[in-house]
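First up is the structure itself, then whatever we jot down about it.
Numbering (full-length UniProt numbering), first residue to last: 1 to 207.
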């Protein structure tokens, strides 16, 4: 179908077919999975040769993408598009009856996670802050930006030590043991500058 385009009518039929398509039950999915295991799988024992891999790689590279939309590949679609495609949350626009809400509230009241569960949750959240991409998203969502003191410091560094670049909002993706240095040496040296502007950034708090 490379280079061909469906008519608007055909695309509408496909969209409706996928939108209202019935989903397989867990039991049906399990049976299909079992039917394709091992030697029953049509690709069982087959391995791609280096020539086949290279041919497929070259074919994918030759695919045409419109310059205006190529940058969107790999990005998440917006909520507006999700709604437009019919992928609405199951409870969108719905309201639970008061009686059901009271039951749900009473069912969860007084429950507390165990110490082990809290410890696991804490460790998993700490690991997230080792991921530069997660940190950058958090800084953007929280509206973190250079403070007045940091802007003054940046002005001084630009005049005398231009190799130091601002990283306080995670823009450069540098995270050191869940800590985000304010300025880092862009020449490859392992040097950072920290600007402690208030009590909450002091050694007494962060250790």
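All C-beta atoms in this analysis are idealised placements derived from N, C-alpha and C, irrespective of residue type, glycine included. Small disclaimer: the values here were computed from a predicted structure and weren't measured.
Three-pair Cβ contact test at 8 Å for the segment 137-144 versus the segment 161-174: yes
Stretch pair the segment 144-152 + the segment 104-114: three plus CB contacts closer than 8 Å: no
Residue 212 in three-state terms, based on DSSP: With the chain covering 1 to 207 only, the question about residue 212 has no answer from this structure.
Residue 59 versus residue 52: straight-line alpha-carbon distance, rounded: 11 Å
CB contact flag (residue 195, residue 150, <7 Å): yes
Proximal residues to residue 165 (C-beta, below 7 Å), its chain only, five neighbours per side dropped: 172, 183, 184 and 186
Assigned exposure category for residue 180 - 16 Cβ within 10 Å defines buried: buried
Contiguous beta strand (DSSP E) assignments of at least 3 residues, all confined to the UniProt region "Disordered" (105-126): none
Secondary structure, alpha helix (DSSP H): runs of 4+ residues fully inside the UniProt region "Disordered" (1-47): 8-19 and 26-35
DSSP state of residue 172 mapped onto helix, strand, coil: coil
Through-space distance from residue 120 to residue 88, alpha-carbon basis: 32 Å
Beta carbon of residue 227 nearer than 7 Å to that of residue 132: The chain is shown only over 1 to 207; residue 227 falls outside these bounds and no answer can be derived.
Residue 5 versus residue 84 - alpha carbon distance: 21 Å
Whether residue 129 touches residue 177 by CB criterion (7 Å): no
Coil, strand or helix - residue 94 by DSSP: coil
Which residues DSSP lists as bridging residue 165, in chain order: 184
Assigned secondary structure, residue 193 (DSSP; H/G/I helix, E/B strand, else coil): strand
Limits of the alpha helix (DSSP H) - the one that residue 151 falls within: 148-160
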